[in-house]
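Right, one structure below, let's go through it.
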Amino acid sequence: MARLILGCGNFGGIGSAPAFFGQGESEEEAFALMDAAWGQGITAFDTADAYGGGCSETWIGRWMTSRGHRPSITTKVFHSVAGDPADEGLSRERITRQIDGSLERLGVDRVDTYMAHEPDPDTPVEETMRAIAELLEVGKAGAIGASNVDRGWLDEARSVAPIAVVQNSYSLLDREAQDEVLPSCTEHGIAFTAFGPLAGGWLAGKYRRGKPLPAGSRMTLRPEPYRHLDDDAVYRGLEQLDEAASRRGVDMPTLAFAWLLSDPRVAAVVVGPRRPEQLEPAVAALDLHLAEGERDALASLFP
Ligand SMILES: NC(=O)c1ccc[n+]([C@@H]2O[C@H](COP(=O)([O-])OP(=O)(O)OC[C@H]3O[C@@H](n4cnc5c(N)ncnc54)[C@H](OP(=O)(O)O)[C@@H]3O)[C@@H](O)[C@H]2O)c1
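When the sequence shown is numbered by this note's numbering, its final residue is 713 and no position is left out of the sequence of numbers.
Written as C-alpha cells, this is what we have:
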C-alpha cells in the first residue's frame, strides 16, 4: 500500500457535517490539490459519499475524467449525502443503495476500498459486513474496510467479512489506537491507516498559547473535536515538538508525519492539506526515519 493517501474530506465542506456543505475547498482548489498530489506520486485518494454533500466524490470523478488518471479510491458509507438525519447508518438496504450513488458520482464501476465510516449501533454488525462483503462478490469494491472502530467491533466484523483496511484517528495528540486497534490490525494482517495526522492542524503549530486563532482555520470553523487540546500541557508539548523539529532542521508537521510514518505498523497516512504546498511536509517525512527511541521521546511530550 502507498504510504500517503490524499484526504479529500475538505472538498466542498468539512467532512460529512451538513452545516459546512458548500464550504471548504472549491472545485478548482480541489483540482489543484489532486494535481499536486498526483505530481508528488500520491496515487491513493480518500473520500466518503457524504463529504461536502457528495462534492468530494463528484469532483474526484470529474478530475479523473479530465486528467485521465485513475487513483486508488477509498470511499465510505454512513452519513447522509443530502444532510438528512433520517437517512444514515449501515443497514443492508442503505449500503446497497449508497454504493451505487458513490460509483455514479465517481464515474467508475468499482471502488478500490469500501468502508463503513463508523459503527452503527442500530444495525447488527453481521448485517453490515455481509452487505459490504457482497460488494466484493459483485465486483463493486476491490477490498473492504472500516473506520472509527474499536477492537470489539473489529473482532466481530472480521468474523463475518474479510476486512483488509482500518482507518482510525492516530497522531501524537491522539494515540488511542495504539492500545488495541493497531496491535489487533498487526496481528490479523489488516492494514492500519491513520487519519487526522496533524490533529486538525494542532501538530502543524497553528495554535499557540495566548495567540488568536488564525482566520479560517479548523479551530474557527469546526472546533468541537479539538477543544480539549486548548490546554497548558498540550501547548508545552507543542513548544517542545517545535524545538525538536528545529534541532533536526525540519518543521513541526514534517516531524509529526515522520512520527507516524516511522511506525512500521502504520500502513499509510491520510493527509489533509488545504493548499498544494501543504503536501510538502508529508512527502518530506517519507525520508525522515525516526528510531523507536526517538518516537517514544516525542510521544512522551504529550502524556
Ligand atoms: N474516517 C474518518 O472518520 C475521517 C475523519 C477525519 C478525516 N478523515 C480523512 O482524513 C483526511 C485528513 O484528516 P484531517 O483533515 O483531520 O487531517 P489533519 O492533518 O489532522 O488536519 C488537517 C488540517 O491541518 C492543517 N494542515 C494540513 N497540512 C498542513 C500543513 N502542511 N501546514 C499547516 N497546516 C496544515 C489544515 O488546517 P486548516 O484547515 O486550519 O488550515 C488542515 O485542514 C481527511 O481529508 C479525510 O479524507 C477521515
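Every residue gets a Cβ at the ideal spot worked out from N, C-alpha and C, and that includes glycine.
Check	Outcome
Quick test of the definition: if touching needs 3 or more C-beta pairs under 8 Å, does the stretch 424-440 touch the stretch 452-464?	yes
Where are the beta strand (DSSP E) runs, 3 residues long or more, that stay fully inside the stretch 482-519, in chain order?	482-487
Can the beta-carbon of leucine 698 be found less than 7 Å from the beta-carbon of leucine 651?	no
Taking its Cβ as the centre, do 16 or more other Cβ atoms sit within 10 Å of glutamate 435, making it buried, or is it exposed?	buried
Which one of Trp563, Val518, Ala694, Asp673 has the shortest CA to CA distance from aspartate 706?	Asp673
What are the boundary residues of the alpha helix (DSSP H) that isoleucine 573 is part of?	Here isoleucine 573 belongs to no alpha helix (DSSP H); instead the beta strand (DSSP E) covers 573-579.
Skipping 5 residues on each side, what residues in its chain have a beta carbon closer than 6 Å to that of leucine 592?	Phe602, Arg675
Please report how far the alpha carbon of lysine 616 lies from the alpha carbon of glutamate 536, in whole angstroms.	42 Å
Under the assumption that lysine 550 contacts leucine 513 (Cβ atoms under 8 Å), give the Cβ distance between them as a whole number of angstroms.	7 Å
Measuring straight from C-alpha to C-alpha, what distance separates glycine 599 and alanine 625?	42 Å
Would you grab the beta carbon distance between leucine 413 and leucine 696 for me? Rounded to a whole angstrom, and I think it's under 8 Å.	Strictly speaking, residue 413 in this sequence is arginine, with leucine absent from that position. Indeed, because the Cβ distance is near 6 Å, the residues count as touching under 8 Å.
Pair every Cβ in the stretch 434-449 with every Cβ in the stretch 468-484, then say whether three or more of these pairs are closer than 8 Å.	yes
Is glutamate 528 buried or exposed, if buried means 16 or more other CB atoms sit within 10 Å of its CB?	buried
For the candidate residues Leu608, Ala677, Lys621, Thr485, whose alpha-carbon lies nearest to that of proline 715?	Because residue 715 is not part of the residues shown, which for the chain are 411 to 713, the question remains open.
For glutamate 590, does the three-state DSSP call read helix, strand or coil?	coil
Looking only at its own chain, which residues have a Cβ that is under 8 Å from the Cβ of serine 557, when we skip the five neighbours before and after it?	Lys486, Met525, Ala526, His527, Glu528, Val576, Gln577, Asn578, Phe605
Within its chain, find whatever has a CB closer than 7 Å to the CB of threonine 475; leave out the 5 residues flanking it on each side and keep chain order.	Gly517
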